[in-house]
Amino acid sequence: MVAFTLDGRSASAPEGELLVHAAARHGTFIPTLCHDDKLDPYGGCRMCVVDVEGAPRPMPACATRVAEGMVVSTNGPITEFQRTLTEMLLSEHLNESPGGRPNELRDLANELGAEAPFILPDAKREEYDDRNQLMGYDPDACILCARCVRYTQEVMQCSALSLEGRGGHARIVPTWELSWLDTECELCGGCLSVCPTGAIYEKFEEGTKQPERQLEQVRTTCTFCGVGCQIDLNLDPQTKHIVKVTSKDEYLPNEGNLCVKGRFAFNFVHHPDRLTQPLVRGDDGELHPTTWEHAIETAAAGLKKVIAEHGPQSVGFLSSARLTNEENYLIQKLARTGVGTNSVHSCEST
Amino acid sequence: MGRGASSNSIPEIERARFLFVIGSNTTEAHPVLALRIKKAVRDGGTLVVADPRKIWLTKLAKRHLQLRPGTDVWLLNAMMHTILTEALQDEDYIRDFTDDFDAVREVVMRYTPEDAERVTGVPAEDIRATAREYASERHAAIFYTLGITEHACGVDNIWSLSNLVLMTGHLGYESTGLNALRGQNNVQGLNDSGANPMYLPGYQSVDDPEIRRKFSEAWGAEVPETPGYRLDQMMSGLHDDRIKALYLIGENPAQTEPNARHVEEGLGKIDFLISQDIFLHDMTRKHADVVFPASSFAEKDGTFTNTERRVSRVREAAPLPGDAKGDREIVILMAKALGAHWPEYPGAESVWNELADLAPAWYGLRYDRIEENGLQWPVPEMGHPGTPFLHAPAPARPPGRGKFFPVEYQRPIEEPDSEYPLVLSTGRTLYHYNSATMTMRESGITDKQEEPFFEITSEDALALGLGEGDWARLVSRRGELQARTQISDRVFPGLVWMALHFAEQKVNWLTHDVGDPLIGTPEFKISAVRVERV
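Chains as they are written, first to last, in our numbering: chain A, 1 to 350; chain B, 351 to 884.
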């Protein structure tokens, strides 16, 4: 542990801890935009700068490590710097929320009381479109913090996105300006999840009337693969339809990361092909819609007949890993106590 | 070792210093878990991949052991040969925590790396180097999936890995162990919950009269003594009159089982078929007598158990479509109709509590403790913090000693010949899930991958006159299908590969149904085929 001074108070931290984390543990929240705990320290946007005694200029708290005797000030003249920086970013921030995702820059501006003093004449950037249906990008909402590019490089370790152009022409593009479908991109949407301004967003949510904060979130466990990622199903409060899937850094075991299926393959839930009525095969050999009473009666009678003629051992149950523990428990109990057989298994038993 | 589960946890992966991934295409089958492997390598860990295909992870690997399909036992025995020859084993661990080491020593000493090179195609020096690195790094972890288990010798493969782990004492602490990455979301929980012919909930053996008595008393109904049929026995039972009725819940064996046309024939023969599912598929449309419209994961309460034994909550978010009902409710209605006397189950939690009361390793795991992040079993008491890694301080197998099982190499059931000269292996891709009833309904994803394809090397494709994207016919002794040619350096000459996701062209029309003699797991990974121009 090392001792340091934070806004005039003595504080301590493990040696080498990032200043932004050490301050947070002492109840001092330093605003950040380009920082993400999943990524290497970057110090690009300078929103988190603090005064460090003896340093020739303000230092980024997200990329500066605590050292013995360091004297740090977060609440002096430096806050004026943060406001100015916010205003500079706002002066080219033409579209605040193309897909309804939360906007950390807007939140910060509200907190600091910052407003765009004017809009830069060359703020408008070239529009960007892509044939993929999952992720959209609006350069006018982008602050070029490169969280998305760094996520692809550091976490996914693929070459999917790049920063292209300089100055007023700079923007994020899929590598070699290909379509997102033709790069190494695996459509995991990690770029979108780390974007602080919602410049990368769920394309199907473009121009949404229900921004993310007005959606209902229900935490659950993903149904694809054995990793068991924790997700939030985001529901339209009126229709109760899932409109998108998100996750959070504090969720175990995935820490906010998802894959293409977990993030985007949810429409099967509301698909018109879903079965909505019980069906029973009629004398004409076809399946016909019926009532639950009749379907259950028919099913039970069918099983009872087979049991009577061939014994309980002639009935088999195949359960599924799609089902919960509780459902599987009841299914094996049904096999064993309702029919009287231990023949209950599944194709996923390995 | 004594547990049918991964020994260690997902968050520990990124702190492993040596990672041996064998028979697991992790970035496609477990993409988010693979991020931890990527991070471990980025932080300086060493990755070695053993796989017949040049999977994505080989890009990060220090070494790719591109073994011929089905030769895992040779590779692993030769690694153990190296460890023993160079005295890299953990003698203390072997003495204090294992039984029958000498039997394995006797066998593996006959498996030299040079001979292994001839059988597996992996250079002897690569086998030696990998063995040395694995044995000498304390935080060395093994990850495997269905590339190990989906063989007629699947159990042998697992025993080989277990021998390797026990020999080096890589068990019972953080960032090590033998980690079976479960393919599907609740495979672990399905077995934990007793949907298994051999086990009642909590891996309590049906053969044990005391256990049967305990459950019979708790349930107020006799647990049958007659052993149940495994999946493969049920499938063969369709054809020989042992099985006359089948109740399928979220399952379509005519897609997922090997020799699938034969399975579908069998399903057409039996007296009575019930399907409880969220979609109607071709097979149920043709053969089901009753179809119950059921619930998706978004419409129900309960728990799933992931590959690291973490029990997490599933919560109802959306209403059921139309007249569909929750799976729990349907099963309860069926129990009533069949005359079973069950208690009232007001919600999922009451079912869970009954399970936890009866299964000692789950006893302390209750809903109020998993509102946030889940807990990893065993959780034997109410205040127990859960178990991130197993086999500490000693292997779980009583009395705290792991058992070595000597394993000899068995040839695959079906090898290429002049009529069927290519080996077909199967697997998953990132963009789809199993029979793809869910993912094929997502146009943003099918943009990336929709049509059936198979991978083949440019040499083999050239010899057959096939170009990229050409339709080709794949033929085995069981059936045939058509798929587009994808010329790829991921496979090697003589090996073709196809994903299992395509309902119109099911790769399981081609696979054979001779499985592991002990547990019946099919050999999805090796069939002999020929490829023809269409």
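Just so you know, even glycine gets a beta-carbon here, dropped at the ideal spot from N, CA and C.
In or out: B/Arg562 buried (at least 16 other Cβ within 10 Å) or exposed?
buried
Which residues of chain A have a Cβ atom closer than 7 angstroms to the Cβ of B/Leu850, listed in chain order?
Within 7 angstroms Cβ-Cβ: nothing; B/Leu850 doesn't reach chain A, min ~11 angstroms.
Can you round the beta-carbon distance between B/Met459 and B/Asn513 to whole angstroms, since I take them to be within the 8 angstroms contact cut?
Not confirmed; about 13 angstroms, so no contact.
Checking contacts by CB at 7 angstroms: is A/Lys261 closer than that to chain B?
For A/Lys261, the answer is yes, since a Cβ of chain B falls inside 7 angstroms of its Cβ.
Within 10 angstroms of the Cβ of B/His414, are there 16 or more other Cβ atoms? Answer buried if so, exposed if not.
buried
Our contact map puts B/Gly829 next to B/Leu860 with C-beta atoms below 8 angstroms; I'd like the distance itself, whole angstroms only.
6 angstroms
Mark A/Asn110 as exposed unless 16 or more other C-beta atoms lie within 10 angstroms of its C-beta, in which case mark it buried.
exposed
For B/Pro728 and chain A, any beta-carbon pair shorter than 7 angstroms?
no
With 8 angstroms as the C-beta to C-beta threshold (strictly closer), list the residues of the region 278-295 of chain A near chain B in chain order.
Contacts with chain B (Cβ-Cβ distance below 8 angstroms) from the region 278-295 of chain A involve Pro278, Leu279, Val280, Arg281, Leu287, Trp292, Ala295, listed in chain order.
Kindly list the residues whose CB is nearer than 6 angstroms to the CB of B/Ala485, restricted to its own chain and excluding five residues on each side of it in sequence; keep chain order.
So the list reads Ile433, Leu438, Thr518, once near-sequence residues are dropped.
What are the residues of the region 591-610 of chain B that lie near chain A, defined by any Cβ-Cβ distance shorter than 7 angstroms?
Arg592, Ile593, Lys594, Ala595, Leu596, Tyr597, Leu598, Ile599, Gly600, Glu601, Pro603, Thr606, Glu607
Would a check of beta-carbon distances place A/Thr350 closer than 7 angstroms to chain B?
For A/Thr350, the pLDDT reaches just 44, beneath the cut-off of 50, and the residue's location in the model is therefore unreliable, although a value from the coordinates is still provided. Cβ-Cβ to chain B under 7 angstroms: yes for A/Thr350.
Secondary structure at B/Thr789, three-state DSSP: helix, strand or coil?
helix
Check each candidate in A/Ala146, A/Ala300, A/Glu309 and name the one with the smallest Cα separation from A/Cys195.
A/Ala146
Looking only at C-alpha atoms, which of A/Leu89, A/Gly136, A/Met135, A/Leu161 sits nearest to A/Ala123?
Of A/Leu89, A/Gly136, A/Met135, A/Leu161, the residue nearest in Cα terms is A/Leu89.
In the region 756-771 of chain B, which residues sit with their C-beta less than 7 angstroms from some C-beta in chain A, listed in chain order?
none
Do you know whose CA, among B/Gly733, B/Gly752, B/His734, B/Pro735, lies nearest B/His741's CA?
B/Gly752
Could you tell me if B/Pro559 is buried or exposed, where buried requires 16 or more neighbouring beta carbons within 10 angstroms of its beta carbon?
exposed
Which whole-angstrom value describes the C-beta separation of B/Pro603 and A/Cys347, a residue pair presumed to lie in contact below a C-beta threshold of 8 angstroms?
6 angstroms
Does the region 494-501 of chain B come close enough to the region 369-382 of chain B to have 3 or more Cβ pairs within less than 8 angstroms?
yes
Going along chain B in order, which residues have a C-beta closer than 9 angstroms to the C-beta of A/Gly302?
Ala595, Asp621, Phe622, Leu623, Ile624, Asp639, Val640
Name the chain A residues whose beta carbon is nearer than 7 angstroms to that of B/Arg678?
For B/Arg678, the residues of chain A that pass the 7 angstroms Cβ criterion are Glu326, Glu327, Leu330, in the order they occur in the chain.
For a contact meaning CB atoms closer than 9 angstroms, what does B/Lys875 contact in chain A?
Going along chain A, no residue has its Cβ under 9 angstroms from B/Lys875, so there is no contact; the nearest lies around 12 angstroms.
Exposed or buried, B/Asp557, counting other C-beta atoms within 10 Å across all chains shown (16 or more means buried)?
exposed
Within 7 angstroms of any Cβ in chain A, is that where the Cβ of B/Ala687 sits?
yes
How long is the line joining the alpha carbons of A/Thr350 and B/Gln554, rounded to whole angstroms?
Low local confidence applies: a pLDDT of 44 at A/Thr350 is under 50, so the model's placement there is unreliable, with the coordinate-based value given in what follows. About 17 angstroms.
Have a look at A/Glu212 and A/Leu192 and give me their C-alpha separation to the nearest angstrom.
13 angstroms
Rank A/Val260, A/Gly167, A/Thr298 by C-alpha distance to the C-alpha of A/Gln133 and give the top, closest one.
A/Val260
Since B/Val701 meets chain A, which of its residues come closer than 7 angstroms, beta carbon to beta carbon?
Glu326, Tyr329, Leu330
Taking Cβ-Cβ distances shorter than 7 angstroms, what residues in chain A pair up with B/Thr655?
Asn325
Pick out whichever of B/His631, B/Ala648, B/Ala744 has its Cα sitting closest to the Cα of A/His241.
The shortest Cα separation from A/His241 among B/His631, B/Ala648, B/Ala744 belongs to B/Ala648.
Compute the Euclidean distance between the alpha carbons of B/Pro728 and B/Gly527, then round it to the nearest angstrom.
Answer to the nearest angstrom: the Cα atoms are 17 angstroms apart.
Of all the options B/Leu708, B/Glu722, B/Lys798, which has the alpha carbon lying nearest to the alpha carbon of B/Phe565?
B/Phe565 has its Cα closest to that of B/Leu708, out of B/Leu708, B/Glu722, B/Lys798.
For chain B, check one thing: does any of its Cβ atoms lie closer than 7 angstroms to the Cβ of A/Gly226?
yes
I'd like the list of long-range same chain contacts for B/Val515, defined as Cβ closer than 6 angstroms, with 5 residues on each side in sequence excluded.
Leu521, Leu528, listed in sequence order.
How would you label A/Arg25, buried or exposed, when you count the other beta carbons within 10 angstroms and need 16 or more for buried?
exposed
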